[in-house]
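This note's numbering puts the last residue of the sequence shown at 1009; the count rises by one with no breaks. Where is the CB? At the ideal position from N, CA and C, for every residue including glycine. Values in this document were obtained by computation on a predicted structure and should not be read as measured data. First up is the structure itself, then whatever we jot down about it.
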Amino acid sequence: MSDCYRLKVVGRKLNQRGVTGITAVLLLGMMVMMAAFAIDIGHALVTRNELQNAADSAALSAGLQLGMNYLALPPVDQQDMSRNLTSQEQSQIITAGETASYANSAAQQNITIAAGEVVFGTWDLNTKTFTPTVTRPNAIQVTARRDGTANGPIGTFFAGIFGINTMNVSATAVAAL
């Protein structure tokens, strides 16, 4: 009986020799999939950084224009804390932000700021919060996007195999006086 048992054990060992090759092929396939996702995620992160540059540029430019508008006012109006921005002032500020953002690109496309993505408000330095308002704003918030709203989503390189053909990416910046 012990000889018969020994033959069965040896037979099993001989049948398992190809398992290493199969395991290596499966692991190689998984590593290729992970590398593909890493490339797509890396592309999305680079695009997000480029969008952050565009949002920062637009917010700083719009904030500068906001400050210039306040400086152009007579001293009495500069001190009026309940003064609303006029539509002309808002238009100048938005145009300054849009012009600055268009000078930047993300994923090889110049960035346009969608309507409503330049928001006037106040910045609270202590709580680090932005509150939208057109009554005596001291800050500008800008959101730059690559999605269905503006500039189109970015394409993927390898995730399309799994049905993910595009990714939405955005970045927001606030500039305060």
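Inter-residue Cα distance where the pair is Arg-978 and Pro-969: As a first step, residue 978 is located in the sequence shown; it is residue number 146 there, counting from the start. As a first step, residue 969 is located in the sequence shown; it is residue number 137 there, counting from the start. Their Cα atoms are separated by approximately 27 Å.
Completely contained beta strand (DSSP E) runs for the stretch 885–939, where each covers 3 or more residues: Taking only runs of at least 3 residues, no beta strand (DSSP E) segment lies wholly in the stretch 885–939.
Complete runs of the beta strand (DSSP E) confined to the stretch 953–986 [at least 3 residues]: Taking only runs of at least 3 residues, the beta strand (DSSP E) segments lying wholly in the stretch 953–986 are 961–964 and 971–978.
Buried/exposed call for Ser-893, threshold 16 Cβ in 10 Å: Here the question's residue 893 lines up with position 61 in the sequence shown. Counting every other CB atom within 10 Å of its CB across the protein chains shown gives Ser-893 a total of 16 or more, marking it as buried.
Residues bridged to Arg-950 [DSSP beta-bridge criterion]: Translated into positions along the sequence shown, residue 950 becomes position 118. Strictly speaking, residue 950 in this sequence is Val, with Arg absent from that position. Looking at the DSSP assignment, Val-950 forms a beta bridge with Val-974.
Under 9 Å between C-beta atoms of Ala-976 and Ala-1007: Counting from 1 along the sequence shown, the entry for residue 976 is found at position 144. Counting from 1 along the sequence shown, the entry for residue 1007 is found at position 175. For Ala-976 and Ala-1007, no; Cβs fall outside 9 Å.
Closer than 8 Å: Phe-989 CB and nearest the ligand FMN heavy atom: The ligand content of the structure shown is nil, which means the ligand FMN is not present either.
Outcome for Leu-917 when other beta-carbon atoms lying within 10 angstroms are tallied against a minimum of 16: Numbered from 1 along the sequence shown, position 85 holds the residue referred to as residue 917. With 16 or more other Cβ atoms inside 10 Å of its own Cβ, Leu-917 counts as buried.
Sub-9 Å separation of Arg-880 and Ala-1003 beta-carbons: As a first step, residue 880 is located in the sequence shown; it is residue number 48 there, counting from the start. As a first step, residue 1003 is located in the sequence shown; it is residue number 171 there, counting from the start. The answer is yes: Cβ separation under 9 Å.
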